[in-house]
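This report refers to the structure that appears directly beneath it.
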Amino acid sequence: MTAPVAADAQVDAQVVVENLVKRFGDFVAVDHASFRIGHGEIMGFLGPNGAGKSTIIRILCGLLRPSAGRVSVAGIDVARDPELVRQRIGYMSQKFSLYRDLTVEENLRFFGGIYRVPRGELAERMRFAIDMAGLGGREKTLVGTLAGGWQQRLALGCAVLHRPPILFLDEPTSGVEPKSRRRFWDLIHALAADGVTVLVSTHYMDEAEYCHRAALINQGRIIATGSPDALKHTALGGELLLIECEALGPALAALRQQAPGVIDASVFGNAIHVLVRDADRGIDELPAYLERRALPPIRIERINPSLEDVFVQLIAADAAKRRQAA
Amino acid sequence: MNAARESIVTADGLTKRFAEVAAVDGLSFSVNHGEIFGLVGPDGAGKTTTMRMLAGVLRPDGGGIVIDGVDVVADPESGKPHLSYMPQRFGLYEELTVDENIRFYADLFEVAQDVREERASRLLAASGMSQFRGRRAGQLSGGMKQKLGLTCALVHTPQILLLDEPTTGVDPVSRREFWGILYGLREEGVTILITTAYLDEAERCNRLALLHNGHLLYCDTPAALKQRMSGAVVAITSSAGRAAHAAIADLAGVSNVILVGSGVHAVVDDAASRIPALRDALQRGNVVFDDIAVTAPSIEDVFVALLEDERRPR
Ligand SMILES: Nc1ncnc2c1ncn2[C@@H]1O[C@H](COP(=O)(O)OP(=O)(O)OP(=O)(O)O)[C@@H](O)[C@H]1O
Ligand SMILES: Nc1ncnc2c1ncn2[C@@H]1O[C@H](COP(=O)(O)OP(=O)(O)O)[C@@H](O)[C@H]1O
Ligand SMILES: [Mg+2]
Ligand SMILES: [Mg+2]
Chain A
81 MTAPVAADAQ
91 VDAQVVVENL
101 VKRFGDFVAV
111 DHASFRIGHG
121 EIMGFLGPNG
131 AGKSTIIRIL
141 CGLLRPSAGR
151 VSVAGIDVAR
161 DPELVRQRIG
171 YMSQKFSLYR
181 DLTVEENLRF
191 FGGIYRVPRG
201 ELAERMRFAI
211 DMAGLGGREK
221 TLVGTLAGGW
231 QQRLALGCAV
241 LHRPPILFLD
251 EPTSGVEPKS
261 RRRFWDLIHA
271 LAADGVTVLV
281 STHYMDEAEY
291 CHRAALINQG
301 RIIATGSPDA
311 LKHTALGGEL
321 LLIECEALGP
331 ALAALRQQAP
341 GVIDASVFGN
351 AIHVLVRDAD
361 RGIDELPAYL
371 ERRALPPIRI
381 ERINPSLEDV
391 FVQLIAADAA
401 KRRQAA
Chain B
117 MNAARESIVT
127 ADGLTKRFAE
137 VAAVDGLSFS
147 VNHGEIFGLV
157 GPDGAGKTTT
167 MRMLAGVLRP
177 DGGGIVIDGV
187 DVVADPESGK
197 PHLSYMPQRF
207 GLYEELTVDE
217 NIRFYADLFE
227 VAQDVREERA
237 SRLLAASGMS
247 QFRGRRAGQL
257 SGGMKQKLGL
267 TCALVHTPQI
277 LLLDEPTTGV
287 DPVSRREFWG
297 ILYGLREEGV
307 TILITTAYLD
317 EAERCNRLAL
327 LHNGHLLYCD
337 TPAALKQRMS
347 GAVVAITSSA
357 GRAAHAAIAD
367 LAGVSNVILV
377 GSGVHAVVDD
387 AASRIPALRD
397 ALQRGNVVFD
407 DIAVTAPSIE
417 DVFVALLEDE
427 RRPR
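Protein chains in written order, with my numbering: chain A, 81 to 406; chain B, 117 to 430.
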């Protein structure tokens, strides 16, 4: 592995996306997206289904042509030289990419060939991938008969076989059990510590917390980026209260109407999370407000927001903003 | 459990071998009428294989399955009218549109015209797909395909629903909508068997079966499973979760330290004496943390602990 070049993050950005647009016919899948990913940084892609995450990743891999905008990966203009880009990256697609009727070992050997892993290194790299995926003892098993989570792990193994300096992982842990998901993330962090730059999409909000930075995408636009801490503390635009109540539905409606100091509210499990301008004031005023409506709270307390709160809130706010604009 | 609740699905000594692998190995459980029953366990535990046998698409090597009083191993076709099965990889017709796919499955299940339209629009609205009804399935995003698969599986109301990882790849907001739909079906008396890799969803089931290597380890309500944990769970809130993990993983009396989104969870034998030790270790390791306190165990803490007991050589 080449030594990471010390330079500031802006100069050193491994991925640069500027005003990216992708249209499929009249449909705008990516709408003026811009972001950068620094050397050795783990960037998370979050967003509802259909937001445009995979489309952006496919464009970065040179598999799909942008309608407008500029995209460079490892300093290479993707539009100009997609072949060269592909040698520098590892890509794990959301859609299944392994050969189901080849064995574990045969798949690895096949991808080793595609990625031009030197012959002398192939055995060692395959060993690494098999250990990483926890598939020792299953080298001769047909991939189609492996449990789903194992197939995902093998696909990641194939993506890192050639030690790419940049990794694009599209929902790599989809359907993988929690314990292996943690191992996956240990590995992603180890790779990043070695200077590998990682872009990873996920629907698991706990995984979003493990990224250095995350971008939240909705309907093709990037609506927030920042470290998990920054997203929780500034992007949310308020403080969070948890309210437990007998009648969740009516209480939710009441809180969303004209409750004092309330920005928004949504149901989480058997409680309501209420975004307020000021937590102390909310704890003072909301119980009386609910009692007047015969909805006395059983419990009200301030809580630390999770990234799921941020996700739910920012997506709802963005949807409301678009409705107003329309 | 309550003896008055009748069981509608029973597996008794269910076994399936693939060459040298015993995918399902003497598995017995029974599912009550009108409950949401979760099958959970590590990758390869045998969840999908079990589902496939219950659905009548895979023949067991041994053991019995009774669905609504009928022995379906003897007569695989007899179970099918009662149930709807959504496999882990649902077959969509990529060349057909969203609406055409739904129509195909509705025809297959002989769903009445008015019912299917009402259902389909409600399901598509809940998953934010209403505007894409004319789009070809092959052009949907991964999660949208998953949602279309769910819509097809739910377009008729069977007595029993078998859902194998229905929410994999589905975004957090839609997952909640989906659970709202499942609760609605349960109200209507539908019995639901579900597998999931999201443990917050496991928490929502009435009862859970924890599988490991094709065996049943435990089968109980989430609350009762939590009672089985010995010791207390301590939550450390920190944005430096990895460093916190490293600092405390080897302390005496501390086990099953796991990273969670907000920091780490650790199981301790005695909270009063171990919390000060944890605090010291974090300070020695220069780990910045916001809070350290005993917390109610999550179902994930429970599984980590129970599976760890299982894996430990005896
Ligand atoms: N070839 C195509 N033709 C038409 N529309 C397309 C095509 N590919 C993608 N789209 C549309 O572009 C939008 C973005 O899709 P994309 O796959 O990028 O979403 P995503 O954010 O990855 O979603 P998910 O979380 O479900 O994976 C969707 O509305 C999708 O249907
Ligand atoms: N058709 C098959 N041929 C061979 N082995 C299989 C087949 N289906 C499943 N297995 C094996 O059976 C075990 C259980 O798999 P599965 O039921 O898919 O697990 P889960 O759904 O719990 O992840 C695994 O070891 C898997 O590799
Ligand atoms: Mg995608
Ligand atoms: Mg499975």
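Positions of the beta carbon are idealized from the N, C-alpha and C atoms, including for glycine.
Partner residues on chain B for residue i, Cβ-Cβ distance less than 7 Å
i, result
"residue 388 of chain A", "288"
"residue 206 of chain A", "The premise fails here: residue 206 of chain A is roughly 21 Å from chain B at the closest Cβ pair, so nothing lies under 7 Å."
"residue 285 of chain A", "288 and 377"
"residue 269 of chain A", "358"
Amino acids of chain B, ordered along the chain, whose beta-carbon sits closer than 8 Å to that of residue i
i, result
"residue 172 of chain A", "Residues of chain B passing the Cβ test: none, with the nearest at roughly 13 Å."
"residue 225 of chain A", "134"
Proximity below 8 Å, CB of residue i to CB of residue j
i, j, result
"residue 213 of chain B", "residue 251 of chain B", "yes"
"residue 237 of chain A", "residue 268 of chain A", "no"
"residue 172 of chain B", "residue 192 of chain B", "yes"
"residue 214 of chain A", "residue 233 of chain A", "yes"
"residue 364 of chain B", "residue 397 of chain B", "yes"
"residue 205 of chain A", "residue 178 of chain A", "no"
"residue 280 of chain B", "residue 202 of chain B", "yes"
"residue 275 of chain A", "residue 245 of chain A", "yes"
"residue 323 of chain B", "residue 151 of chain B", "yes"
"residue 319 of chain A", "residue 356 of chain A", "yes"
"residue 275 of chain B", "residue 328 of chain B", "no"
"residue 153 of chain A", "residue 140 of chain A", "yes"
"residue 153 of chain B", "residue 309 of chain B", "yes"
"residue 305 of chain A", "residue 294 of chain A", "yes"
"residue 116 of chain A", "residue 101 of chain A", "no"
"residue 331 of chain A", "residue 352 of chain A", "yes"
"residue 384 of chain A", "residue 378 of chain B", "yes"
"residue 249 of chain A", "residue 278 of chain A", "yes"
"residue 271 of chain A", "residue 247 of chain A", "yes"
"residue 311 of chain B", "residue 156 of chain B", "yes"
Identity of the residue in the options nearest residue i by Cα
i, options, result
"residue 139 of chain B", "B:414, B:169 and B:152", "B:169"
"residue 340 of chain A", "A:364, A:329 and A:323", "A:364"
"residue 316 of chain B", "A:244, A:349, A:184 and A:196", "A:349"
"residue 256 of chain B", "A:319, A:338, A:303 and A:135", "A:135"
"residue 426 of chain B", "B:333, B:128, B:194 and B:403", "B:333"
"residue 406 of chain B", "B:243, B:207, B:352 and B:158", "B:352"
"residue 303 of chain A", "A:396, A:150, A:95 and A:191", "A:396"
"residue 147 of chain A", "A:111, A:188, A:287 and A:221", "A:111"
"residue 355 of chain B", "A:330, A:316 and A:307", "A:307"
"residue 338 of chain B", "B:349, B:330, B:347 and B:325", "B:325"
"residue 419 of chain B", "B:129, B:248 and B:374", "B:374"
"residue 92 of chain A", "A:155, A:132, A:151 and A:137", "A:155"
"residue 177 of chain B", "B:392, B:421, B:385 and B:143", "B:143"
"residue 376 of chain A", "A:138, A:264 and A:323", "A:323"
"residue 169 of chain A", "A:149, A:195 and A:145", "A:195"
"residue 108 of chain A", "A:371, A:300, A:345 and A:388", "A:300"
Chain A contact residues for residue i, given Cβ-Cβ distances below 8 Å
i, result
"residue 281 of chain B", "228 and 255"
Per DSSP, the bridge partner or partners of residue i
i, result
"residue 148 of chain B", "B:123"
"residue 298 of chain A", "A:301"
"residue 410 of chain B", "B:350"
"residue 201 of chain B", "B:278"
"residue 176 of chain B", "Residue 176 of chain B is not bridged to any residue."
"residue 384 of chain B", "B:348 and B:370"
"residue 209 of chain B", "DSSP output for residue 209 of chain B lists no bridge partner at all."
"residue 277 of chain A", "A:246"
"residue 331 of chain B", "B:328"
"residue 157 of chain A", "A:152"
"residue 377 of chain A", "A:325"
"residue 311 of chain B", "B:155 and B:280"
Where residue i meets chain A, residues with beta-carbon distance less than 7 Å
i, result
"residue 260 of chain B", "129 and 130"
"residue 315 of chain B", "258"
"residue 399 of chain B", "Per Cβ cutoff of 7 Å: no residues; residue 399 of chain B is ~21 Å from chain A at best."
Chain B residues whose Cβ lies nearer than 9 Å to that of residue i
i, result
"residue 116 of chain A", "Chain B residues near residue 116 of chain A: none, gap ~22 Å exceeds 9 Å."
"residue 264 of chain A", "In chain order: nothing, as chain B lies at least about 12 Å away."
"residue 391 of chain A", "287, 288 and 289"
"residue 384 of chain A", "353, 378, 406 and 407"
Chain-ordered neighbours of residue i on chain A, where CB pairs are closer than 9 Å
i, result
"residue 374 of chain B", "258, 259 and 262"
So if I measure from each beta-carbon to every heavy atom of ligand 3 and keep distances below 6 Å, which residues remain? Those residues placing their Cβ nearer than 6 Å to any heavy atom of ligand 3 are, following chain order, A:133, A:134, A:174, A:250, B:257 and B:258.
Residues around ligand 4, please: the condition is that the C-beta lies closer than 7 Å to some non-hydrogen atom of it. A:227, A:228, B:163, B:164, B:204, B:280, B:281 and B:311
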